[in-house]
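>
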């Protein structure tokens, strides 16, 4: 099972200027009863998005047509909490290809990368700039170039390099997943097991 | 060359391969699975037409999605029933041992591993659950993984992981009366924040840590994830060996002696260097309680909710949002705050010592009328032991009822949900918005602090009732 190939993203953004967005907000526990990977996008930020009766909350950004796009811009420490990969499925399933923040929780970052969702970590200053520009013009286009490891706001002529592990970058660009790699080194694993029989 | 840390020793001895400029391939000794994070992994394997590679190194349990009463009856909720049955099907198909509902070894995954002696020093242990860090208390590299990684481990018994940095947190001195291991970890997180250890694997050390029992150490390692750490571990010592010896799946005879010799070599070398080192005094720690919506938003119980000006300006919006959700104000005292529910349980504090702590505290007294209390043992073995020790009788006399094992109200996937707007003092590990039910308001605390609240109906310093 490979992942979707990541191609350069040029899109408007959805701003979520909230810090410490945790996995219980991204996808509440009651939606983890599913046994497949489908449909999680519908429940992304469920309890911030809909009230008890299931009506969209007007003040939540996903319910405002002003903002749209494939890039989610979030406050620092995005994805803290649970190891539930369902959180990454929800973000990706909704239609985001990139999440931008000044800080990511480890497990979420890993889960995102394993699903073709690119977490881009930027400086506090760049994150602020993004929020400011998006507020001024909700249709601001942001470009995320994985090959060149650069995120930019073309209209403002500003850009920043972001860090990405070389192996993960290769996987994202080519749509490889870790299982394919591990299966390819089956012999090494078997040899290690023999040598370290426990 | 500097000495190695405990983490280095375990990591290095489990590396199968290194990807140039990339992650290491780590061999996994024990893989725990449960009903919530495994179905899509098995589906992926079925698509590939492969079976679990090392079923004998895999242990399954049903814990997150099960009811904590009437477990002898079929699960009422359709999706839950389906998911729990799916695990049974998958375990059977792949030859994996399942301690399912009503099995004498059933329970919360991070409670049963250690109590069965499956968790042993020097292992790499993973599970599709972030509190897998619990097993680090035995001197293991144990951490939570996502469902894709569950599939990876089932398929190959290996995982690709970037090597984290190392941090040592020393707690020196002696804990004061009424202060227990839960307070230590809540204190640490309040000091360094929920992202303070992101990118690190933490080793807990120091005289206060050494003096703790295994169950108390598990409470601390359990919440390592709440400060962003990949995992947390404690060097094995006599306390560890005593605990493991004689357990169901612990090594015996010659094998035991061989393992013991191996385990004794694990502690960090005296000249080992950590990427970061912090030290705290045990005497500075009071019973803790959280007031906000992440585990770092906690204070000593006699202290007040922070004032706005004491919060960094970039974090003030989040702080205000959090207090709005809890309906608290900056500067509020925590003592005296209304309590509607008390939850005792979870992989953090659902073991026999936690139940003993709670029971001793309430013995001969009466539950407050205005509080609903859920006491949920961490496993069937803990439940049985509580009965055998007479704890259940003491609890009943005080007006408390013990339920059956499961994750229960910690994440409220089952029916044990705290209603909207209600306040719960909980011995679990997360107080995020809606964690214990939509609109639920959680205050994290130790079993002692929970017991005090259960007797008085308000947030109470347990030391005043000792």
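Residue numbers (our numbering), protein chains in the order written: chain U, 10 to 207; chain C, 96 to 561.
For each residue, glycine too, the CB sits at the ideal point set by N, CA and C.
#1: Just to confirm my understanding: we take residue 145/C, look at its own chain, exclude 5 residues before and 5 after, and list those with CB closer than 8 Å. What are they?
#2: Which residues in the same chain have their Cβ closer than 6 Å to the Cβ of residue 536/C, if we skip the five residues on either side of it in sequence?
#3: I'd like the list of long-range same chain contacts for residue 278/C, defined as Cβ closer than 6 Å, with 5 residues on each side in sequence excluded.
#4: Looking at chain C, which residues of the stretch 35-54 of chain U have a Cβ within less than 7 Å of any of its Cβ atoms?
#5: Report the three-state DSSP secondary structure of residue 111/U (helix, strand or coil).
#6: Taking C-beta pairs closer than 7 Å, name the residues in chain U that residue 507/C reaches, listed in chain order.
#7: Alpha carbon to alpha carbon, how far is residue 430/C from residue 55/U?
#8: Determine which residues share a DSSP beta bridge with residue 295/C and list them.
#9: Taking the alpha carbon of residue 164/U as the point to measure from, which residue in 12/U, 176/U, 21/U, 109/U has its own alpha carbon closest?
#10: If you check the beta carbons only, do residue 330/C and residue 363/C fall under 8 Å apart?
#11: Quick check on this structure: which residue in 425/C, 407/C, 370/C, 411/C has the alpha carbon closest to the alpha carbon of residue 394/C?
#12: Any idea what DSSP makes of residue 110/C, helix, strand or coil?
#13: Can you give me the start and stop residues for the beta strand (DSSP E) that residue 155/C sits inside?
#14: Residue 524/C and residue 230/C: beta carbons closer than 8 Å?
#15: If we count Cβ pairs, one from each stretch, closer than 8 Å, do we get three or more for the stretch 160-177 of chain C versus the stretch 496-514 of chain C?
#16: Pop quiz: residue 154/C and residue 184/C are said to be a contact at Cβ under 8 Å. What is the actual Cβ separation, rounded to whole angstroms?
#17: Residue 100/U by DSSP, collapsed to three states: which one?
#18: Could you check whether the Cβ of residue 420/C sits closer than 8 Å to any Cβ belonging to chain U?
#19: Would you check if the stretch 297-313 of chain C and the stretch 228-243 of chain C touch, i.e. whether three or more CB-CB distances between them fall below 8 Å?
#20: Please classify residue 171/C: is it buried, with 16 or more other beta-carbons within 10 angstroms of its beta-carbon, or exposed?
#21: Below 8 Å on the Cβ atoms is my guess for residue 268/C versus residue 299/C; work out the distance and round it to an integer in Å.
#22: Taking buried to mean at least 16 other C-beta atoms within 10 Å of its own C-beta, is residue 182/U buried or exposed?
#23: For residue 142/U, which residues of its own chain have a beta-carbon under 7 Å away from its beta-carbon, when the five flanking residues on both sides are left out?
#24: Using three-state DSSP, classify residue 10/U as helix, strand or coil.
#25: Can you name, in chain order, every residue of its own chain whose Cβ lies under 6 Å from the Cβ of residue 453/C, other than the five neighbours on each side?
#26: Closest by CA to residue 176/C, which one among 131/C, 281/C, 413/C, 257/C?
#27: Buried or exposed: which applies to residue 25/U, given that a residue is buried once 16 or more other Cβ atoms fall within 10 Å of its Cβ?
#28: Is it the case that the Cβ atoms of residue 116/U and residue 239/C are separated by a distance below 8 Å?
#29: Using a C-beta to C-beta distance shorter than 8 Å, which residues of chain C count as neighbours of residue 191/U?
#30: Could you tell me whether the Cβ of residue 527/C comes closer than 8 Å to any Cβ of chain U?
#31: Can you tell me where the alpha helix (DSSP H) holding residue 451/C begins and where it ends?
#32: So, are the CB atoms of residue 161/C and residue 444/C less than 8 Å apart?
#33: Report, in whole angstroms, the separation of the C-beta atoms of residue 88/U and residue 46/U, which I expect to be a contact under 8 Å.
#34: Please decide whether residue 112/C counts as near chain U, where near means a Cβ-Cβ distance under 8 Å.
#35: Under 8 Å Cβ-Cβ, which residues of chain C neighbour residue 194/U?
#36: For residue 138/U, collect the residues of the same chain with a Cβ closer than 8 Å to its Cβ; drop the 5 residues on either side in sequence, then sort them by chain order.
A quick look at the data gives this:
#1: 250
#2: 421, 518
#3: 380, 382, 383, 541
#4: 37, 38, 39, 41, 42, 44, 45, 46
#5: coil
#6: 38
#7: 33 Å
#8: 260/C
#9: 21/U
#10: yes
#11: 425/C
#12: strand
#13: 153-156
#14: no
#15: yes
#16: 17 Å between Cβ atoms; not a contact.
#17: helix
#18: no
#19: yes
#20: exposed
#21: The Cβ separation is near 14 Å, so there is no contact.
#22: exposed
#23: 149, 162, 165
#24: Since pLDDT at residue 10/U reaches only 48, below the 50 mark, its modelled position is unreliable, and the value read off the structure follows with that caveat. Coil.
#25: 439, 542, 546
#26: 131/C
#27: buried
#28: yes
#29: 120, 247, 250, 251, 253, 255
#30: yes
#31: 447-457
#32: no
#33: The Cβ separation is near 18 Å, so there is no contact.
#34: yes
#35: 111, 112, 120
#36: 162, 165, 167
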